[in-house]
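Trainee: Under UniProt numbering, the first residue of the sequence shown carries the number 1, and numbering increases by one thereafter.
The C-beta atom is built at its ideal place from N, Cα and C for all residues, glycine as well.
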Amino acid sequence: MKAKDYVALGFKNFQRSGKKNIAPIIIITVGILLFNIVSSFFTSITASVNETVVDNASLKFIHVSSAEGELTNTDLDKLKEVDGVATVFPRTESFIGIEQNKEKITSTLIGVPNNAIEYFTEKETKSLPVNGILLNKNITSSLEEGDPVKISYTVKVKENEGIRKELDATVTSKIEPPYLISFPEDISIASLELVQTLNAGFLGLTLEEYLENPSYQEVIAIVPNVNAVSKAAGQFDKMGYMTDYSLKASKSIPVIAKILASVGGILVVVLLIFAGTSIASIINQSLQSRYGEIGIMRAVGFKQKHLIKLFAVEVTIISFLSFCLSVLLSFSALKAIEHYVNNMGFADYTFILSIDTFQILASLAVIFLVSFISSAYPIKRASSIQVTDILKGA
């Protein structure tokens, strides 16, 4: 027979089976529905944890100080050599006014070297001009990207006396700054050179004088890989430095996403095993009830390979219908769950439950894989039965 003959005959057999097809379709649909819900749910949780934990730039900063006094450039060089450390720079800040026309706001300006700018802006900005400012978007202001501004700061003229001076600058961009331990919430970012210039003026020094034999109360080390933060901090501790960082009290947080993904994977495997076992049992019962029909087909000349192909067409039809039904139900169920979870406020972030192209293709692959593997033995057994065996059973 040709392929189209198998399809036509298989479809007729599927129609004749009628209600007998309902059970395997329901089992497969429910299994894939649960598969999609579980995988989408754990994908959403994992993504949320990654966003708020693993990919959180605030966790990549280690604040380093010394119990023996101040740090020097020699200490910075030692810290930079530790595995996983991208850069180290001195904590440098200046409280300033930012003015444009009649508008005036204040901010704590943090000095950051150009090789560290990207870690404060999620790689959106990789360098800053000397007089550029990354303005904190949480500060209420009408200032926009590209606006020229005046930085007002204090310059020391003599002991306990200073005057206000202004410096031309530009708002390079507006950003959501990362959280830095012990820093105020109004921080904005500027080049390290600019902030050092402001601090030098405050002390009544030139920049060159300010940078002669510098010493620092604290430096900031950046470790891009959150999973390596604790290890790098441990190395700093062994070197005799004091450290403070967001993961210090919860070093296991970076593995939460991995644990959730593992649990989700185990649940999915259990569901698929259950679905496969159920399908095998139902198909076996269905084929046993059709032994008389199989005997007739064998009597009129159907060989084992013909019956295998014919039953495979029926399984394909069942699988395809189950796939369409499960995808439609999955979309509806996930939207309902998403709406319920977000309205109940179970978490401080928004759940986004959806099925992407990968999940749809995975569902299709899983359905056909589970269906054919679970039905392989019953089909082979039923197709190999002889007419005499059927007559004996009767």
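Name the residue from Arg16, Ile385, Ile25, Ala362 whose alpha carbon lies nearest to the alpha carbon of Ser278.
Mentor: Among Arg16, Ile385, Ile25, Ala362, the Cα nearest to that of Ser278 belongs to Ile25.
Trainee: Ala190 and Gly240 - do their beta-carbons sit closer together than 9 Å?
Mentor: No, these two residues do not count as a Cβ contact at 9 Å.
Trainee: I'd like to check one pair, Ser326 with Thr29: are the Cβ atoms closer than 9 Å?
Mentor: Closer than 9 Å, so yes.
Trainee: Using CA coordinates, which residue listed in Glu314, Ser173, Val223 is at the minimum distance from Asp83?
Mentor: Ranking the options by Cα distance to Asp83, first place goes to Val223.
Trainee: For Glu124, which of Asn131, Val130, Asn114 has the nearest alpha-carbon?
Mentor: Of Asn131, Val130, Asn114, the residue nearest in Cα terms is Asn114.
Trainee: Would Met242 be called buried (16 or more neighbouring beta carbons within 10 Å of its own) or exposed?
Mentor: Its Cβ having fewer than 16 others within 10 Å, Met242 is exposed.
Trainee: Kindly identify the DSSP beta-bridge partner or partners of Gly111.
Mentor: Paired residue(s): Ala190.
Trainee: Determine the closest residue to Val38 out of Ser384, Ser371, Ser330, Ser383, with distance taken between C-alpha atoms.
Mentor: Checked all of Ser384, Ser371, Ser330, Ser383; the closest Cα to Val38 is Ser330.
Trainee: Where does Leu135 fall in DSSP's three states?
Mentor: The answer is strand: DSSP assigns Leu135 an E or B state.
Trainee: Would you call Ile96 buried or exposed, if buried means 16 or more other Cβ atoms sit within 10 Å of its Cβ?
Mentor: Looking at its Cβ environment, which holds 16 or more other Cβ atoms inside 10 Å, Ile96 is buried.
Trainee: Give, in chain order, every unbroken run of the beta strand (DSSP E) that is at least 3 residues long and sits entirely within the region 64-99.
Mentor: The region 64-99 contains these whole beta strand (DSSP E) runs: 87-90.
Trainee: As a quick exercise: from Leu198, Ala362, Ala116, Phe274, pick the residue whose alpha carbon is nearest that of Asn131.
Mentor: Here the closest residue by C-alpha is Leu198.
Trainee: Classify Tyr179: buried if its beta carbon has 16 or more other beta carbons within 10 angstroms, exposed otherwise.
Mentor: By the neighbour-count rule (16 or more Cβ atoms within 10 Å), Tyr179 is not buried but exposed.
Trainee: Which residues does DSSP pair with Ser152 in a beta bridge?
Mentor: Beta-bridge pairing links Ser152 to Gly97, Glu166.
Trainee: Span of the alpha helix (DSSP H) holding Ala362?
Mentor: That run of the alpha helix (DSSP H) goes 357-383.
Trainee: Check each candidate in Ile266, Ala232, Ser152, Ser322 and name the one with the smallest Cα separation from Glu81.
Mentor: Ranking the options by Cα distance to Glu81, first place goes to Ala232.
Trainee: Count the other CB atoms within 10 Å of the CB of Ile27; is the residue buried (16 or more) or exposed (fewer)?
Mentor: Classification for Ile27: buried.
Trainee: Out of curiosity, what's the CA-to-CA distance linking Leu128 and Glu193?
Mentor: Using only the alpha carbons, I get a separation of about 11 Å.
Trainee: If you run the structure through DSSP and keep just helix, strand and coil, what is Val313?
Mentor: Val313: helix per DSSP, three-state reduction.
Trainee: Where does Phe274 sit, in a helix, a strand or coil, going by DSSP?
Mentor: Correct three-state label for Phe274: helix.
Trainee: Less than 8 Å between the CB atoms is what I'm expecting for Leu79 and Phe236, so what's the real figure, rounded?
Mentor: About 7 Å separates the two Cβ atoms, so the contact holds.
Trainee: If you compare alpha carbons, which of Ile181, Glu145, Phe14 is closest to Lys174?
Mentor: The option with the nearest alpha carbon to Lys174 is Glu145.
Trainee: Taking the CB atoms as reference points, tell me whether Ile139 and Ser107 lie closer together than 9 Å.
Mentor: In contact: Ile139 and Ser107 (Cβ atoms closer than 9 Å).
Trainee: Can you name the start and end residues of the alpha helix (DSSP H) that Tyr210 belongs to?
Mentor: Residues 207-210.
Trainee: Since Asn13 contacts Leu310 with CB under 8 Å, what's their CB separation in whole angstroms?
Mentor: At roughly 7 Å, the Cβ-Cβ gap stays under 8 Å, so Asn13 and Leu310 are in contact.
Trainee: Rank Arg164, Arg91, Ile367, Val313 by C-alpha distance to the C-alpha of Gln196 and give the top, closest one.
Mentor: Selected option, being the one with the closest Cα: Arg91.
Trainee: For Ile62, which three-state DSSP category applies?
Mentor: Strand, per DSSP.
Trainee: Provide the residue(s) that pair with Val219 in DSSP beta bridges, ordered along the chain.
Mentor: The partner list for Val219 (beta bridge, DSSP) reads Val64, Pro90.
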